[in-house]
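Enquirer:
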DNA sequence: TGTCATACTCCAATGGCCGGTATATAACGG
DNA sequence: CCGTTATATACCGGCCATTGGAGTATGACA
């Protein structure tokens, strides 16, 4: 039970999959959207993370398709993966709440 | 302007200093509190991060005291450090909002 | 014809964090 | 009286996720 914090790219990959099964390249573009263009995943980061997350059982292969001779491997979030992401959201909410309060930022509700 | 995401220990160190100047060991215990015991900073992580953050200009030495022959070096957040932390809070809020929505967690307001 | 979009693979280098050791004093418990 | 915990900082090897590329391949667009 590592339970060490997820880094941003990993967090966003899980978030992308929380909307339903997607293939690698789709995740890449979705992450760009989610983060309003702030985060652009490198191919190396993405596919390495996908392998790692699958090894950890947080995601799994949903299906594979061949489109124009090009492989599309779809991944989906597993129940443990969804739990892990939810736990991470909680952790981040707690931390941002403290930080915002200390910085005098009171725009927390809305 | 690197502007790559802060990792959790770094984020919490800045958050600790957002409450006012503190010395290394104080930050360590404060971080344990902030995170409700979930995160315990290693000495290696803490002091290395302090040096790094000072190099980046996000924090600076506030003052030094000698208490019982023991050195206490107090650090404080610089204006750029506060801005950086605020930006990080914004980024995390945006990400957690999307993730929570996709997970069907609606406990965002309160 | 060239470049962008699609789609996955692999690799060297970077750098923050982990885990531990070292140093030193004071206080508390058994 | 001795061991452990608390206070307080410094240093270091190693790990591993991310970075930042290059490589392979096809179709579309200008």
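Protein chains in written order, with this note's numbering: chain A, 33 to 142; chain B, 33 to 142. Positions of the beta carbon are idealized from the N, C-alpha and C atoms, including for glycine.
Within the continuous beta strand (DSSP E) that includes residue 103 of chain B, where are the two ends?
Expert: Boundaries of the beta strand (DSSP E) around residue 103 of chain B: 102-109.
Enquirer: Which residues of chain A have a Cβ atom closer than 9 Å to the Cβ of residue 55 of chain B, listed in chain order?
Expert: Per Cβ cutoff of 9 Å: no residues; residue 55 of chain B is ~17 Å from chain A at best.
Enquirer: Please confirm whether residue 118 of chain A and residue 67 of chain B have their CB atoms less than 9 Å apart.
Expert: no
Enquirer: Within its chain, find whatever has a CB closer than 6 Å to the CB of residue 106 of chain B; leave out the 5 residues flanking it on each side and keep chain order.
Expert: 53, 55, 94, 95
Enquirer: Output, in chain order, the set of chain B residues within a Cβ distance shorter than 8 Å of residue 124 of chain A.
Expert: 124, 127, 128
Enquirer: Name the residues in the segment 94-110 of chain A whose C-beta lies less than 7 Å from a C-beta of chain B; which are they?
Expert: Within the segment 94-110 of chain A, no residue qualifies.
Enquirer: DSSP beta-bridge partners for residue 122 of chain A?
Expert: Here residue 122 of chain A is not bridged, per DSSP, to any residue.
Enquirer: Cutting at 6 Å between CB atoms, please list the residues of its own chain near residue 104 of chain A, excluding the five before and the five after it.
Expert: 55, 97
Enquirer: Can you tell me whether residue 41 of chain B is buried or exposed? The criterion is at least 16 other CB atoms within 10 Å of its CB, across all chains shown.
Expert: buried
Enquirer: Determine the DSSP secondary structure at residue 115 of chain B, reduced to helix, strand or coil.
Expert: Three-state DSSP puts residue 115 of chain B in a helix.
Enquirer: Do three or more CB pairs link the segment 124-138 of chain A to the segment 76-83 of chain B at distances below 8 Å?
Expert: Not touching, per the Cβ criterion.
Enquirer: Look at the Cβ atom of residue 120 of chain B, then the Cβ atom of residue 73 of chain B, and state whether they are nearer than 9 Å.
Expert: no
Enquirer: How many Å lie between residue 90 of chain B and residue 122 of chain B at the Cα?
Expert: The alpha-carbon atoms of residue 90 of chain B and residue 122 of chain B are separated by roughly 17 Å.
Enquirer: For a contact meaning CB atoms closer than 7 Å, what does residue 24 of chain B contact in chain A?
Expert: This structure gives no information on residue 24 of chain B, because the portion of chain B shown stretches from 33 to 142.
Enquirer: In this structure, how does DSSP classify residue 40 of chain A when only helix, strand and coil are distinguished?
Expert: helix
Enquirer: So is residue 128 of chain A buried or exposed if we call it buried at 16+ other beta carbons inside 10 Å?
Expert: buried
Enquirer: On the three-state DSSP scale, how would you describe residue 134 of chain B?
Expert: helix
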